[in-house]
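Chains S and D are the protein sequences, given in the same order.
With the first letter of the first sequence counted as 1, position 100 gets the number 111 in my numbering; the numbers rise by one all the way through.
With the first letter of the second sequence counted as 1, position 98 gets the number 109 in my numbering; the numbers rise by one all the way through.
Beta carbons are placed, not taken as given, at the ideal position from N, Cα and C, and that holds for glycine.
Note that this is a predicted model, so its numbers are computed, not measured.
Number of protein chains: 2
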Amino acid sequence: MSSANYTIAVDAMGGDNSPAKIIDGIDLFLKEDNLFFFNIYGDEKLIIECLRNKKNISEKNYKVIHCTTKIENEDSVRNAIKIGKDSSMWRAIESVKEKQSDLIISSGNTGALLLISKLLIKMIDNIDKPAIAGLWPNNKGTSIFLDLGANIEFNKKNYLDFSKIGAELFKVIFDKEIPVVGLLNVGSEEIKGHEELKNSYNEISNQKNNFLFHGYIEGNEIKNGDIDVVVTDGFTGNIALKTAEGTVNFINTQIKKIFSSSLFGKICYLISYSVFKKIKKNLDPRKYNGGIFLGLNGPVIKSHGGADSLAFYYSIKLSAKILRGNLIKKIKLNFENE
Amino acid sequence: MSSANYTIAVDAMGGDNSPAKIIDGIDLFLKEDNLFFFNIYGDEKLIIECLRNKKNISEKNYKVIHCTTKIENEDSVRNAIKIGKDSSMWRAIESVKEKQSDLIISSGNTGALLLISKLLIKMIDNIDKPAIAGLWPNNKGTSIFLDLGANIEFNKKNYLDFSKIGAELFKVIFDKEIPVVGLLNVGSEEIKGHEELKNSYNEISNQKNNFLFHGYIEGNEIKNGDIDVVVTDGFTGNIALKTAEGTVNFINTQIKKIFSSSLFGKICYLISYSVFKKIKKNLDPRKYNGGIFLGLNGPVIKSHGGADSLAFYYSIKLSAKILRGNLIKKIKLNFENE
Numbered sequence: 012m013s014s015a016n017y018t019i020a021v022d023a024m025g026g027d028n029s030p031a032k033i034i035d036g037i038d039l040f041l042k043e044d045n046l047f048f049f050n051i052y053g054d055e056k057l058i059i060e061c062l063r064n065k066k067n068i069s070e071k072n073y074k075v076i077h078c079t080t081k082i083e084n085e086d087s088v089r090n091a092i093k094i095g096k097d098s099s100m101w102r103a104i105e106s107v108k109e110k111q112s113d114l115i116i117s118s119g120n121t122g123a124l125l126l127i128s129k130l131l132i133k134m135i136d137n138i139d140k141p142a143i144a145g146l147w148p149n150n151k152g153t154s155i156f157l158d159l160g161a162n163i164e165f166n167k168k169n170y171l172d173f174s175k176i177g178a179e180l181f182k183v184i185f186d187k188e189i190p191v192v193g194l195l196n197v198g199s200e201e202i203k204g205h206e207e208l209k210n211s212y213n214e215i216s217n218q219k220n221n222f223l224f225h226g227y228i229e230g231n232e233i234k235n236g237d238i239d240v241v242v243t244d245g246f247t248g249n250i251a252l253k254t255a256e257g258t259v260n261f262i263n264t265q266i267k268k269i270f271s272s273s274l275f276g277k278i279c280y281l282i283s284y285s286v287f288k289k290i291k292k293n294l295d296p297r298k299y300n301g302g303i304f305l306g307l308n309g310p311v312i313k314s315h316g317g318a319d320s321l322a323f324y325y326s327i328k329l330s331a332k333i334l335r336g337n338l339i340k341k342i343k344l345n346f347e348n349e
Numbered sequence: 012m013s014s015a016n017y018t019i020a021v022d023a024m025g026g027d028n029s030p031a032k033i034i035d036g037i038d039l040f041l042k043e044d045n046l047f048f049f050n051i052y053g054d055e056k057l058i059i060e061c062l063r064n065k066k067n068i069s070e071k072n073y074k075v076i077h078c079t080t081k082i083e084n085e086d087s088v089r090n091a092i093k094i095g096k097d098s099s100m101w102r103a104i105e106s107v108k109e110k111q112s113d114l115i116i117s118s119g120n121t122g123a124l125l126l127i128s129k130l131l132i133k134m135i136d137n138i139d140k141p142a143i144a145g146l147w148p149n150n151k152g153t154s155i156f157l158d159l160g161a162n163i164e165f166n167k168k169n170y171l172d173f174s175k176i177g178a179e180l181f182k183v184i185f186d187k188e189i190p191v192v193g194l195l196n197v198g199s200e201e202i203k204g205h206e207e208l209k210n211s212y213n214e215i216s217n218q219k220n221n222f223l224f225h226g227y228i229e230g231n232e233i234k235n236g237d238i239d240v241v242v243t244d245g246f247t248g249n250i251a252l253k254t255a256e257g258t259v260n261f262i263n264t265q266i267k268k269i270f271s272s273s274l275f276g277k278i279c280y281l282i283s284y285s286v287f288k289k290i291k292k293n294l295d296p297r298k299y300n301g302g303i304f305l306g307l308n309g310p311v312i313k314s315h316g317g318a319d320s321l322a323f324y325y326s327i328k329l330s331a332k333i334l335r336g337n338l339i340k341k342i343k344l345n346f347e348n349e
């Protein structure tokens, strides 16, 4: 029996270098926070191999549940559902449905994770569509950004639902009573944007919500940090996020190129090494690892497939906040009387 | 009479610090390329004041056409059309319609510039909608990115038209025979994206075009530089561009913050000053100044409202390439037999 307060189900087989990075991530996490129990789903032999010599993982912190298959990144969502019932992902999700776990984390196939979660854990009453939310660093701290790609088609109820859901998530993670919500658009004037967006602007303006409505926000304003929750449709959100990631990568490449293009530049880089290390640490994308699936009856966290153990550790840390903050219950309260 | 090969109409009153920056930009340009004549529209007194002591602008290079009003950035497009007939912007556009100028540049109100251009210069036959294209730096050079916000609603013909138009622009600016075109999407697989996008993917795949069709491209791939022309709808394009601009700004702020947070950092910055200057020069957004309105019967260039004289110079340089490459004629050839 476990003395832990919360139980997290982990799909140990998804993403690169699994299950090693998953177990290392759990080890890092348990070192600083020992009140969690992990149901670890996957290839028992491989997992037990990885668990050897882990200083912070004791028997009271985990159980390994052997699964005979895994869902690959290349699997179509349809195929994953058809053949995936014995997979580590499926069974980890199922354990949330069956209340054996409080939350599930996977680094595997995003589409499959979303659809199997929807199938097993089901949507919260009065929420039509699930959203994927992420953390977005800005000049004052961190924003919540959604939807990152769960929904290509969007209607005015989705904008309102996602504003409410995103606000609850922000409250739980950053402990702010009334978060500020903005809708991503091509201009800040009320008349800008497409019909669906304008309709939702009016609807959101005309009612009392669990957030402060800022109105529209443009892409270049996300960085200012005045908006806590940035809401957009999944098509735009996915492209905006990936374009921002690409831009960070582009700037890095350009800076490296110029510092290494001359002997003087190389010397400057060596002298400034500790400063660059600090910049790298501050902007480390691993800190923002974790796509949060929202709108479901249980919390589902998607860790980046390419994430390493430290990034996986951050996604567990995020999960811990979501569990301690009782996110799902708080979201449900917003949709009970609809 | 002028010995110039091309005549450019300039709205001298749009944007910040006009007309001073406009005249300075023309002066910078004429210093290296003297075969252009400028029809300068705006407040004659102010313009002549600015022209004083300009070394590279001689009387054979310009004519000032006095206009009694100007369109403000705050003017609604509807209002601009109603009251703007004597404005510098309107009359500069009109001079292209009346074949007194070959191209028009303005730093003014984007919406008004687009609509008045459409009204006076008109669309090329068989093109439904105008696009705004821009230059996007990448690891291998520069891409063309469109639409930056002219069209919020998009259909499959628009994607195809904009691919063709963008390809001709790339050919003229970068002298590449068969540019590679990609459609921005949330994944690279054929099944991803919304219906309109999937339909256009099929249509573009099934016909011979003036470009090589790469298929879909994700936001983080723009930076790689393998795609010459990135096509998307105006809503997504505007948000992607502004998010990228915001991200560059965010990284700059973070780097500055950390270098200036300690004495050692400040010393490192001073030592590396020349290297940072080179990075700043390489990534200078002024080099990419100029939104190119495409699909009209004449070339229209939008210089950034906040652009300075150097940025305005770059937009004239871009205009020169467009004129020398005979862009409009080349675009028209693609739509003649539709």
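Outcome for residue i when other beta-carbon atoms lying within 10 angstroms are tallied against a minimum of 16
i: D/N16; result: exposed
i: S/L338; result: buried
i: S/F173; result: buried
i: D/Y52; result: buried
i: D/T258; result: buried
i: D/E105; result: buried
i: S/N64; result: exposed
i: S/T79; result: exposed
i: D/F275; result: exposed
i: D/D186; result: exposed
i: S/I202; result: exposed
i: D/K71; result: exposed
i: D/E200; result: exposed
i: D/D35; result: buried
Terminal residues of the beta strand (DSSP E) in which residue i lies
i: S/T121; result: Element bounds for S/T121: not the beta strand (DSSP E) but the alpha helix (DSSP H), 121 to 131.
i: D/Y324; result: Premise fails: D/Y324 lies in the alpha helix (DSSP H), 320 to 335, not in any beta strand (DSSP E).
i: D/L157; result: 152 to 157
i: S/N361; result: Nothing in the structure corresponds to residue 361 of chain S, since chain S is present only between 12 and 349.
i: S/F346; result: Segment: none, S/F346 is in no beta strand (DSSP E) and carries neither H nor E.
i: D/K74; result: 73 to 77
i: S/F224; result: 223 to 228
i: S/G204; result: Segment: none, S/G204 is in no beta strand (DSSP E) and carries neither H nor E.
i: S/L194; result: 191 to 195
Partner residues on chain S for residue i, Cβ-Cβ distance less than 8 Å
i: D/E164; result: H205
i: D/E256; result: G230, N231
Opposing strand residues paired with residue i [DSSP bridges]
i: S/D22; result: S/Y52, S/S117
i: S/I312; result: S/I116, S/I303
i: S/I339; result: Looking at the DSSP assignment, S/I339 forms no beta bridge with any residue, so it has no partner.
i: S/F47; result: S/Y17
i: D/V240; result: D/I155, D/V192
Endpoints, the alpha helix (DSSP H) within which residue i is located
i: D/F173; result: 167 to 185
i: D/V107; result: 99 to 108
i: D/F246; result: 245 to 270
i: D/A161; result: Where D/A161 is concerned, there is no enclosing alpha helix (DSSP H), given that its DSSP letter is neither H nor E.
i: S/G317; result: That residue, S/G317, is in no alpha helix (DSSP H); it is neither H nor E in DSSP.
i: S/K352; result: Chain S is shown from 12 up to 349; residue 352 of chain S falls before or after that span and cannot be answered.
i: S/K93; result: 88 to 94
Contacts of residue i in chain D (Cβ-Cβ under 8 Å)
i: S/K175; result: In chain order: nothing, as chain D lies at least about 22 Å away.
i: S/I82; result: Those do not exist, as S/I82 stays about 16 Å from chain D at its closest Cβ, beyond 8 Å.
Partner residues on chain D for residue i, Cβ-Cβ distance less than 9 Å
i: S/V7; result: This structure does not reach residue 7 of chain S, given that chain S is present from 12 up to 349, and the question cannot be answered.
Residue i: contacting residues in chain D (beta-carbon distance under 7 Å)
i: S/Q265; result: I290, N293, L294
i: S/S283; result: C279, S283
Chain S contact residues for residue i, given Cβ-Cβ distances below 7 Å
i: D/K253; result: E229, G230, N231
i: D/F270; result: V286
Contacts that residue i makes with chain S (C-beta to C-beta distance below 9 Å)
i: D/T153; result: Result: empty, since nearest Cβ-Cβ is about 12 Å, beyond 9 Å.
Checklist entry - Between the stretch 205 to 216 of chain S and the stretch 22 to 36 of chain D, are three or more C-beta pairs nearer than 8 Å? => result With fewer than three CB-CB distances shorter than 8 Å, the stretch 205 to 216 of chain S does not count as touching the stretch 22 to 36 of chain D.
Next on the checklist: With three or more C-beta pairs closer than 8 Å as the rule, is the stretch 260 to 276 of chain S touching the stretch 274 to 293 of chain D?
Outcome noted: Because the criterion of three Cβ pairs below 8 Å is met, the stretch 274 to 293 of chain D and the stretch 260 to 276 of chain S touch.
Next on the checklist: Can you confirm whether the stretch 299 to 311 of chain D touches the stretch 132 to 150 of chain D when touching is taken to mean that 3 or more C-beta pairs between the two stretches lie within less than 8 Å?
Outcome noted: Contact between the stretch 132 to 150 of chain D and the stretch 299 to 311 of chain D is established, with three or more Cβ pairs separated by less than 8 Å.
Item to check | Contact between the stretch 147 to 158 of chain S and the stretch 125 to 138 of chain S (3+ Cβ pairs under 8 Å) | outcome: Three or more beta-carbon pairs separated by less than 8 Å are not found between the stretch 147 to 158 of chain S and the stretch 125 to 138 of chain S, which leaves the two stretches without contact.
Checklist entry - Does the count of Cβ pairs from the stretch 209 to 229 of chain D and the stretch 226 to 241 of chain S closer than 8 Å reach three? => result As far as the Cβ criterion goes, the stretch 209 to 229 of chain D does not touch the stretch 226 to 241 of chain S, which means the pair count is below three.
Next on the checklist: Taking contact to mean 3 or more Cβ pairs, one atom from each stretch, closer than 8 Å, check whether the stretch 86 to 100 of chain D and the stretch 56 to 74 of chain D are in contact.
Outcome noted: Cβ pair count under 8 Å is below three, so no.
Checklist entry - Do three or more CB pairs link the stretch 180 to 197 of chain S to the stretch 306 to 319 of chain S at distances below 8 Å? => result In the pairwise beta carbon analysis, the stretch 180 to 197 of chain S is classified as not touching the stretch 306 to 319 of chain S: fewer than three pairs are separated by under 8 Å.
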